[in-house]
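Okay, so here's the structure we're looking at.
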Amino acid sequence: MKTHRKMKILIRNLDRETTEQELHQAFAAFGQIQSCDIVTDKNSGLSKGFGFVEMPKPGDAKAAVKSLNDSMLGANKIRVKYAQDKPSTSE
Numbered sequence: 039m040k041t042h043r044k045m046k047i048l049i050r051n052l053d054r055e056t057t058e059q060e061l062h063q064a065f066a067a068f069g070q071i072q073s074c075d076i077v078t079d080k081n082s083g084l085s086k087g088f089g090f091v092e093m094p095k096p097g098d099a100k101a102a103v104k105s106l107n108d109s110m111l112g113a114n115k116i117r118v119k120y121a122q123d124k125p126s127t128s129e
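And the structure:
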């Protein structure tokens with residue numbers, strides 16, 4: 039049985055005004071989105087300027103990373119790459 043590994047994508051240099059909806063729309067052009075989160079400051083609730091998108095199909099994720107890296111989203115040129123999994127202590 040083939041297991042599908044969802045692809046987690048890191049988006050940096052987000053315009054602080056960019057919404058999760060706008061981020062979702064940008065990536066949805068390339069395929070199904072499993073999750074879309076912009077990281078916010080716990081105290082102020084303001085964007086920290088980066089976020090994550092998870093896509094269930096690696097081919098869609100690859101196309102999104104290739105097409106959206108160094109593209110404009112809002113007022114900023116975003117940087118898009120695959121997120122590194124945090125090393126787990128159980129391995």
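All residue numbers for the sequence shown refer to the working numbering, where the first residue is 39 and numbers rise by one. Quick reminder that beta carbons are idealized off the backbone N, C-alpha and C, glycines included. Keep in mind the model is a prediction, meaning the values are calculated, not measured.
- Per DSSP, reduced to three states, the secondary structure at residue 105 is helical.
- Collapsing the DSSP output to three states places residue 86 in a strand.
- A distance below 8 Å separates the beta carbons of residue 69 and residue 95.
- Taking C-beta atoms under 8 Å as the contact rule, residue 89 and residue 77 qualify, at a distance of about 6 Å.
- In the three-state scheme derived from DSSP, where H, G and I count as helix and E and B as strand, residue 46 is classed as strand.
- Boundaries of the alpha helix (DSSP H) harbouring residue 61: 58 to 66, taken from the DSSP string.
- Residue 110 counts as exposed, since fewer than 16 other C-beta atoms from the protein chains shown sit within 10 angstroms of its C-beta.
- The beta carbon of residue 75 is closer than 6 Å to those of 89 and 90 in its chain, skipping five residues each way along the sequence.
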